[in-house]
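Asks: Residues are numbered in my numbering as their position in the sequence shown, beginning at 1, plus a constant of 25. Note that the Cβ used here is the ideal one computed from N, Cα and C, for glycine as well. Quick caveat, the model's predicted, so the values are computed rather than measured.
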Amino acid sequence: MSPIRGRRNFEALCKMQECQVHKKGCYHSAKYLESLERSERTGAVDNLLPPGISLSELNTCFDKWNKYHNPTLCAALIRALDLPRDINRSRTHILKINIEARTDPEVHDAGKYFHVVDAEVLDAAVARTLPGWAVPMEELDTLRADSEQKGWGAFIGVALQCPALGLVFATFTSISQRDIKYFKLRALPDWKDRLISDVEKGRRRSVLDNT
26 MSPIRGRRNF EALCKMQECQ VHKKGCYHSA KYLESLERSE RTGAVDNLLP
76 PGISLSELNT CFDKWNKYHN PTLCAALIRA LDLPRDINRS RTHILKINIE
126 ARTDPEVHDA GKYFHVVDAE VLDAAVARTL PGWAVPMEEL DTLRADSEQK
176 GWGAFIGVAL QCPALGLVFA TFTSISQRDI KYFKLRALPD WKDRLISDVE
226 KGRRRSVLDN T
């Protein structure tokens, strides 16, 4: 992804790349939805659901929450992996975020559907050995190679873990060293605290926000 002028163009390009990723992931998304349908029919995760909500409803809430917080998660991802210091860490590390559905009865804001319980940066080699991680990590490698071939730069994604929904890889985007320099993105050591606070308050943070 080459340097471009203006916040709007930067975010538009990210959305275009996410659309390409979505097209490549449609088959796997369908498989994931099939697994959710099986779990819902059998009641396999009923004990993990918030009161009064079905698994399909929870998944719909997650989709809305993830879409709302896409820039927030991207901002955390770039800083968590410390890409402003070393963009090659996009290959060697991945951000895992543990989330839980909120049970506040008054919450109707998509940005507040989930809490961030914790977040940590994992070594990619270690992540590949975790149960259920091998296949999505391989897919991430494939998408990364495709992004680099197209000249978009480093390809990054967040691994989201929810008790009822399981492991979901989401919030994909590409970024280059030139983007980091052009938009003056810098490391933020308190990225985790900012992420937890932003999500708790339903605040959508721009990728370009260094404050």
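1) Does DSSP put ALA179 in a helix, in a strand, or in coil?
2) Out of PRO214, ARG114 and LEU83, state which residue places its alpha-carbon closest to the alpha-carbon of ARG169.
3) Kindly confirm or deny that the stretch 94 to 105 and the stretch 167 to 183 touch, where touching means at least three C-beta pairs closer than 8 Å.
4) Just the C-alpha distance for PHE208 and ASN72, rounded to the nearest angstrom, thanks.
5) Output the distance between the C-alpha atoms of VAL70 and ARG153, rounded to the nearest integer angstrom.
6) Please state the DSSP three-state secondary structure of GLY77.
7) In the DSSP output, which residue or residues are listed as bridge partners for PRO191?
8) I'd like to confirm something about ASN72: is its beta-carbon nearer than 7 Å to some heavy atom of the ligand SAM, or not?
9) Apart from the five residues just before and just after TRP158, which ones in its own chain have a Cβ nearer than 6 Å to its Cβ?
10) Can you tell me the Cβ-Cβ gap for GLU125 and CYS86, rounded? I've got them flagged as a contact below 8 Å.
Replies: Based on what the coordinates show:
1) DSSP places ALA179 in strand when its eight states are reduced to three.
2) Nearest to ARG169 by alpha-carbon distance, out of PRO214, ARG114 and LEU83, is ARG114.
3) At 8 Å Cβ cutoff, the stretches touch.
4) Those two C-alpha atoms are separated by around 45 Å.
5) Whole-angstrom Cα-Cα distance: 25 Å.
6) The three-state secondary structure of GLY77, taken from DSSP, is coil.
7) One point to set straight first is that residue 191 is Gly, not Pro, in the sequence displayed. BP columns for GLY191 point to CYS187.
8) You won't find the ligand SAM in this model; it holds no ligand whatsoever.
9) Excluding residues within five positions, the ones whose Cβ falls inside 6 Å are ALA152.
10) Not confirmed; about 12 Å, so no contact.
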